[in-house]
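Residue numbering for the sequence shown follows the UniProt record's numbering, starting at 1 and increasing by one per position.
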Amino acid sequence: MSFVYKIIKSYLFVAPYFILISFSYAEVKRSAAEKNMEWGAPTQDVSASIATTKVTYVVGEPIPIIYRLKNDSNNNIWISVSDPLSDFDINVTGIGFGVVSRKDFNRKVNRVDIPLTLYGKQRKLLSLEASARAAMLSPGKQFKSHFGAYSLSRLYDMSIAGEYEIKISQKLTFHGSQEIINLDSNTLKIKVVNRVE
């Protein structure tokens, strides 16, 4: 009994430190990824950025997206916060897949638009029926979205190993104006492999 008691006591003493170290490591990893975020070209002093937690994923692995919007203008802007699939125009492109063109069998197409999965199509239809919600982003502030529970690899057919480019566009409105601007993020490049390299 004494031996079991010592093991439990030592575990209870070490476990909080292990949890704290694990949490700290996750925070450091997350903040390092956020510091390395690339931004798209600013449009009227508003910029957008997309990132993932790593650059290489295994086929079928969830690919989380972090979207950030930065308002460096002097005006408030309205942003849609209804559903990522209705709020954003997401473009996923496969690079270097070597697909043969139907017009010329000797020519290879290097870029392929990646279609939505069946789940992605269903989510897209449901997102169009979602009630519209908007939020105001003040000057000097940032908006951050983790795309909720959506995984890019579940929405888009990324089942082929290769390189992918992701770009997101969003329509914004300045407060007190009817002008709608189209804001493009940076182009994010990731690699999908059949197994861990």
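We put the beta carbon where it would ideally sit given N, CA and C, even for glycine.
Legend entry - Nearest residue (CA-CA) to residue 185, options 162, 89 and 137: On the sequence shown, position 185 is the one that residue 185 refers to. Taking residue 185 as reference, the option from 162, 89 and 137 with the minimal CA-CA separation is 89.
Legend entry - Selected residue, minimal CA-CA separation from residue 53, among 65, 42 and 40: Residue numbering aside, residue 53 sits at position 53 when the sequence shown is read from its first letter. The shortest Cα separation from residue 53 among 65, 42 and 40 belongs to 65.
Inset, instruction - Quick one: grab the DSSP three-state call for residue 179. - result: Within the sequence shown, the letter at position 179 stands for residue 179. DSSP, reduced to helix, strand and coil, places residue 179 outside both helices and strands of the structure shown, so it counts as coil.
Legend entry - For residue 78, the residue or residues it bridges with in DSSP: As a first step, residue 78 must be located in the sequence shown, where it is residue number 78. When DSSP reads this structure, residue 78 sits in a beta bridge with 136 and 173.
Legend entry - Those residues which DSSP pairs with residue 88 across a bridge: For the purposes of this step, residue 88 is taken as the residue at position 88 of the sequence shown. According to DSSP, residue 88 bridges with 170.
Legend entry - Rounded distance between the beta-carbons of residue 157 and residue 127, thought under 8 Å: As a first step, residue 127 must be located in the sequence shown, where it is residue number 127. As a first step, residue 157 must be located in the sequence shown, where it is residue number 157. So it is not a contact: roughly 18 Å between Cβ atoms.
Inset, instruction - With a threshold of 16 other CB atoms inside 10 Å of the CB of residue 180, please say whether the residue is buried or exposed. - result: Residue 180 sits at position 180 when you count from the first residue of the sequence shown. Exposure of residue 180 is indicated by the presence of fewer than 16 other C-beta atoms within 10 angstroms of its C-beta.
Inset, instruction - For the alpha helix (DSSP H) containing residue 122, list its first residue and its last residue. - result: Position 122 of the sequence shown, counted from the first residue, corresponds to residue 122. That run of the alpha helix (DSSP H) goes 118-129.
Inset, instruction - Please go through the same chain and pick out, in chain order, the residues whose beta-carbon is closer than 6 Å to the beta-carbon of residue 76, but skip the five residues on each side of it. - result: On the sequence shown, position 76 is the one that residue 76 refers to. Excluding positions up to five away in sequence, the list reads 136, 138 and 175.
Inset, instruction - Within the same chain, show all residues whose beta-carbon is closer than 7 Å to that of residue 194, passing over the 5 residues directly before and after it, in chain order. - result: Start at 1 with the first residue of the sequence shown, and residue 194 comes out as number 194. By the criterion of a C-beta distance shorter than 7 Å, residue 194 is surrounded in its chain by 59 and 161, once the five residues flanking it on both sides are discounted.
Inset, instruction - Within 10 angstroms of the Cβ of residue 170, are there 16 or more other Cβ atoms? Answer buried if so, exposed if not. - result: Residue numbering aside, residue 170 sits at position 170 when the sequence shown is read from its first letter. When all chains shown are included, residue 170 counts as buried.
Legend entry - Start and end residues, alpha helix (DSSP H) containing residue 49: Residue mapping note: residue 49 aligns to position 49 of the sequence shown, counting from 1. Element bounds for residue 49: not the alpha helix (DSSP H) but the beta strand (DSSP E), 46-51.
Inset, instruction - Note the first and the last residue of the continuous alpha helix (DSSP H) segment covering residue 154. - result: Along the sequence shown, read from residue 1 onward, the residue named residue 154 stands at position 154. Going by DSSP, residue 154 is part of the alpha helix (DSSP H) stretching over 152-155.
Inset, instruction - Mind checking which residues open and close the beta strand (DSSP E) that includes residue 68? - result: Indexing the sequence shown from 1 puts residue 68 at position 68. If you look at residue 68, you'll find it in the beta strand (DSSP E) that goes 66-71.
Inset, instruction - Classify residue 55 as buried or exposed, calling it buried when 16 or more other Cβ atoms lie within 10 Å of its own Cβ. - result: In the sequence shown, the residue the question calls residue 55 occupies position 55. Classification of residue 55: exposed, given that the 10 Å Cβ count is below 16.
Legend entry - Proximity below 8 Å, CB of residue 93 to CB of residue 38: Numbered from its first residue, the sequence shown carries residue 93 at position 93. Numbered from its first residue, the sequence shown carries residue 38 at position 38. The Cβ atoms of residue 93 and residue 38 lie no closer than 8 Å to each other.
Legend entry - Strand pairing of residue 94, partner residues [DSSP]: Translated into positions along the sequence shown, residue 94 becomes position 94. The partner list for residue 94 (beta bridge, DSSP) reads 112 and 164.
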